[in-house]
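Here you go:
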């Protein structure tokens, strides 16, 4: 079994490194997929964008046994069932890992434009609950939720194999 990850800003890569250290498994970025045998069992880690797990489609012809997705929310967004359905992973274990993001002022290009529009939309809502306020703060100020404890469910799953 190996770990394969897709990371844009490094938060998901940190989880892949932690998981590799805890399990002794080798880990590879999606760009190194040619080093992985198609029959090798894979634990995939990717980051989420609008409920879509980035990099996962590149592994469709591989032997993916579990999928972990990182995002900034406390839980998978919009919700776990929707993430599983959108990514067509109904038949394999799914684990959510709270990741992080850089502050808005450090983001560039189209990502920055999209996030500015998104945060302005969130701010314009009349009713703001704690979750909404937290989302605005995370986008504006950045957030790092990477924590070894978040790996506990996937480590427990690995131990049962």
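Residue numbers (the working numbering): 8 to 168. The beta carbon of each residue, even a glycine, is placed where N, CA and C say it ideally should be.
Discussion item. By the DSSP assignment, the alpha helix (DSSP H) with residue 148 in it spans what residues?
Written reply: Start at 1 with the first residue of the chain shown, and residue 148 comes out as number 141. For residue 148, the enclosing alpha helix (DSSP H) starts and ends at 137-148.
Worksheet item: Is it buried or exposed for residue 139, if we count other Cβ within 10 angstroms and need 16 for buried?
Response: Working through the chain shown from its first residue, we reach residue 139 at position 132. In this structure residue 139 is exposed. Its beta-carbon is surrounded by fewer than 16 other beta-carbon atoms within 10 angstroms.
Worksheet item: Terminal residues of the continuous beta strand (DSSP E) containing residue 55?
Response: In the chain shown, residue 55 corresponds to position 48, counting from 1. For residue 55, the enclosing beta strand (DSSP E) covers residues 48-56.
Item to complete: Mind checking who residue 70 pairs with in its DSSP beta bridge?
Response: Numbered from 1 along the chain shown, position 63 holds the residue referred to as residue 70. Per DSSP, the beta bridge partners of residue 70 are 48.
Practice prompt. Would you mind stating whether residue 109 and residue 16 have Cβ atoms separated by less than 8 Å?
Written response: Indexing the chain shown from 1 puts residue 109 at position 102. Indexing the chain shown from 1 puts residue 16 at position 9. Closer than 8 Å, so yes.
Worksheet entry | Whole-angstrom distance between residue 115 and residue 3, CA atom to CA atom | This structure leaves residue 3 out entirely; the chain is present only between 8 and 168.
Practice prompt. Please specify which runs of the beta strand (DSSP E), each continuous and at least 3 residues long, are wholly inside the region 101-134, giving them in chain order.
Written response: Here the runs fully enclosed are 101-105.
Worksheet item: What are the partner residues of residue 11, as DSSP defines its beta bridges?
Response: Here residue 11 is taken as the residue at index 4 of the chain shown, counted from 1. 35, 51.
Worksheet entry | Minimum C-alpha distance to residue 150 - residue among 61, 75, 80 | Mapped onto the chain shown, residue 150 falls at position 143. With distances taken between CA atoms, residue 150 lies nearest to 80 out of 61, 75, 80.
Item to complete: Please check the pair residue 47 and residue 34, which I expect to be a contact at CB under 8 Å, by giving their CB distance rounded to whole angstroms.
Response: In the chain shown, the residue the question calls residue 47 occupies position 40. In the chain shown, the residue the question calls residue 34 occupies position 27. About 12 Å; that fails the 8 Å criterion.
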